[in-house]
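Report on one structure; see the data block that follows.
In UniProt numbering, the protein residues as written are 1 to 627.
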C-alpha cells in the first residue's frame with residue numbers, strides 16, 4: 001500500500017514539475033521564483049525516486065519519506081508566498097525574520113539528504129565541510145582564518161537571494177540543462193541511441209581493433225547528445241563491452257575502453273554536458289562559443305584514443321569484431337531518426353539559443369519515428385518518458401544546486417580570493433608549476449564528485465588565479481573543466497570506470513587503473529589552451545587550421561610514445577624524441593618558427609620509424625628466403 005501511495009505522489013510531482021519547467025520556457029517567472037520552486041521540487045522527487053531502503057522498518061521508512069516529500073513541497077510554498085518580499089528586500093539592510101532562518105535550516109537539511117541519496121557522501125562531505133567552515137572560520141589557522149558567519153548572515157547569503165542555493169547552478173539547470181536532458185531521454189526512447197551504436201559498428205567492422213573503435217565511435221556519437229559520462233557508459237556499455245570482451249579484450253580492458261570513451265562525451269560538441277552550460281553562464285557568452293572552443297580538443301581526445309587502440313590492435317592482433325556480432329538491423333530504414341540531432345546542431349550553428357534548439361530537437365524526436373512503421377513507439381511509453389525526464393533532472397539538479405552553497409561560502413568568506421593570491425605567488429615564478437598544482441586540485445576535487453560540481457568549485461578557486469597570471473578566461477575555464485572531466489577515470493575514485501566495471505563484472509580497481517593509463521594520452525591536450533588560443537577557435541581561419549594540424553600531430557606522437565610501438569617496438573631514444581616533440585608542439589604557439597621546427601621533428605621521427613620498420617621486415621623476409 002505504501003509503495004502505491006509513493007508511486008502516485010511521484011507521478012503527480014513529476015507531471016507538475018515537468019509542466020513547471022516547460023511553462024518557464026514559454027512564460028518565464030522571475031529567476032528567484034523559478035530557482036526556489038525548481039530546487040525543492042527536484043529534492044522532493046529524489047525522495048520519491050530513491051526512498052529509504054530497509055526490510056525491517058518499512059512503515060517507518062515510508063513515513064520518513066512522506067515527511068521529507070511534504071517538507072520539500074512546503075519549502076516551495078514558503079518561497080512562493082514570500083516571493084514579493086524576498087525580491088524587493090535590501091540585502092544586509094532589511095530584517096531576516098525567524099521564518100527565514102527556519103527555512104534556511106530546513107531547506108539545507110532537505111538538500112543535504114537529497115545530495116546523499118542522489119550522489120552519496122562524496123559531495124555531501126565537501127558541502128558539510130564548507131558549512132562548518134562558514135560557522136567556525138575563526139578557529140581555522142593562517143590564511144584560512146576569517147570571522148565566521150552567524151545564522152542570520154548564512155540564511156541571507158545562501159537562501160534569500162539569487163545566489164548560493166538559488167544561484168547560477170540552479171538557474172542553469174532550469175534554463176539550459178532541462179532541455180538537453182529532455183532531448184536525450186526522448187532520443188534514447190525513440191531508438192536514437194541504438195542506431196548510433198549500429199552505425200559505429202558498421203563503420204569500424206573491418207578495422208583493426210574494430211570492437212574498441214566501435215565503442216569509441218558510438219560513445220562519441222551518443223555523447224554528442226547525452227553529455228553525461230556515466231549515462232553514456234551505462235547506455236552504450238551494455239552493448240559494446242560484451243562485444244569487446246568476445247573480441248579478445250579482457251574484462252578490465254573492455255570496461256576501461258568504454259569508460260574513457262564515454263568520458264569524452266562531456267567534451268564533445270554540440271552538447272558537452274552540464275559543466276559547459278554553467279561555463280557559458282559564468283562567462284556570459286553564448287553556449288555556441290563554448291561548443292566551438294571545445295571542438296578541436298574533443299577531436300584530439302578521440303583521435304588520440306583511436307591511435308592508442310589502433311596501435312595496440314596492430315601490435316597484439318586482438319579486438320577485431322566477429323561476423324556473429326555484425327548481425328544488426330538494417331540502418332537505412334532508421335536513418336530518419338537522426339533528423340532530430342541534425343536539426344539541433346543546425347539550429348545551434350545558425351545562432352539560435354541552446355534551449356530553443358534542444359526544444360525543437362525534442363519535438364522532432366517525438367514525431368519523426370512515426371514517419372515509418374518500423375520505428376513506431378507505443379504512445380503509452382510517454383508515461384515512462386515523463387518519469388525518466390524528471391528523474392534525471394532531479395538527479396542532476398539537486399547536486400548542482402547544492403554546489404551553489406560551496407560557491408557562496410568560498411567567495412563571501414574570501415577563501416577563494418586568498419587561495420588565488422597564494423597560487424598567483426607560485427605562478428609568478430613558474431606558470432607551469434601553478435598549472436600542475438591546478439591539475440592536482442581538479443583531480444582531487446573530482447574524486448567522487450559529479451563533473452559539474454568539481455568544475456564549479458574549480459572555477460571559483462583556480463580560474464581567478466589563472467586569469468591573474470595572464471591566462472584568458474575561456475582558456476582557464478576549459479583547462480579546469482578538462483581535468484575535472486578526466487577525474488571520472490582517475491583512481492582512486494573514478495565514477496565512470498566503476499560504472500563500466502559493474503557492467504563488465506570486472507575488478508573496479510584494475511578497471512580504473514587501465515582507464516587511467518588510457519587517459520594519460522589526453523592529459524597533455526589542455527596545456528595547448530594556455531599557449532595557443534587558436535586551439536579554442538579564437539583566431540583567423542588559417543590560425544585555427546594550423547593549430548588543428550599541430551594538435552593532431554602532437555597527440556599522435558604522444559600516443560606513440562605511451563604505446564612504445566609504431567610498426568615496431570621503439571627503443572628508448574625514439575620514445576624520448578616522440579615525447580619531447582609532442583610536448584614542444586603542444587606548449588608552443590602554432591605558427592612560430594619553434595613550432596615549425598617541432599612539426600618537422602615529429603614528421604621526421606614518424607617517417608624514420610616507418611622506414612626502419614619496413615627495412616627490418618624486408619631484411620627478415622630476405623634472410624628467410626635465403627635459408
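Idealized CB from N, CA, C, for every residue including glycine.
Would you mind giving the Cβ-Cβ distance between residue i and residue j, rounded to the nearest angstrom? I have them listed as a contact below 8 Å.
i	j	result
residue 296	residue 548	5 Å
residue 365	residue 186	4 Å
residue 533	residue 479	Between residue 479 and residue 533 the Cβ distance is about 12 Å, and since that is not below 8 Å, they are no contact.
residue 233	residue 203	In fact, because the Cβ distance is near 20 Å, the residues do not count as touching under 8 Å.
residue 31	residue 162	5 Å
residue 389	residue 151	Going by Cβ atoms, the distance from residue 389 to residue 151 rounds to 37 Å, so no, they are not a contact pair.
residue 475	residue 251	Not really, about 39 Å apart at Cβ, beyond 8 Å.
residue 574	residue 609	6 Å
Tell me the DSSP secondary structure of residue i in three-state form.
i	result
residue 595	helix
residue 569	strand
residue 138	helix
residue 387	helix
residue 154	helix
residue 7	helix
residue 90	coil
residue 202	helix
residue 610	helix
residue 84	helix
residue 444	helix
residue 589	coil
residue 70	helix
residue 625	For residue 625, the predicted model reports a pLDDT of 48, less than 50, meaning its position is unreliable; a value from the coordinates is still stated below. Helix, per DSSP.
residue 524	coil
residue 329	coil
residue 507	coil
residue 490	coil
residue 369	helix
residue 241	helix
residue 248	coil
residue 65	helix
residue 15	helix
residue 482	helix
So, using beta-carbon positions, are residue i and residue j closer together than 9 Å?
i	j	result
residue 115	residue 402	yes
residue 219	residue 265	yes
residue 470	residue 431	yes
residue 495	residue 442	no
residue 397	residue 170	yes
residue 255	residue 519	no
residue 174	residue 165	no
residue 522	residue 560	no
residue 277	residue 176	yes
residue 321	residue 247	yes
residue 556	residue 303	yes
residue 488	residue 451	yes
residue 351	residue 286	yes
residue 307	residue 198	no
residue 468	residue 420	yes
residue 223	residue 309	no
residue 122	residue 394	no
residue 588	residue 517	no
residue 457	residue 338	no
residue 289	residue 537	yes
residue 586	residue 613	no
How is the alpha helix (DSSP H) around residue i delimited, first residue to last?
i	result
residue 252	251-263
residue 563	541-563
residue 528	527-531
residue 184	178-189
residue 101	98-119
residue 315	287-316
residue 341	339-349
residue 45	31-49
Spatial neighbours of residue i within its chain, please: C-beta separation below 8 Å, excluding the five flanking residues on both sides.
i	result
residue 6	48, 51, 62, 65, 66
residue 69	9, 13, 44, 47, 48
residue 20	37, 38, 41
residue 282	168, 459, 477
residue 508	497, 498, 501, 502
residue 11	387
Does the distance between the C-beta of residue i and the nearest non-hydrogen atom of the ligand ATP fall short of 8 Å?
i	result
residue 145	Although the ligand ATP was asked about, the structure shown includes no ligands whatsoever.
Take residue i and list the residues in its own chain whose beta-carbon comes closer than 7 Å to its own, dropping the five residues that flank it on each side.
i	result
residue 392	181, 185
residue 551	296, 300, 528, 535
residue 591	543, 546
Only counting the same chain, and skipping five residues up and downstream in sequence, which positions put a Cβ closer than 6 Å to that of residue i?
i	result
residue 625	At residue 625 the pLDDT is 48, less than 50, meaning the model places this residue with poor confidence and gives no usable figure here.
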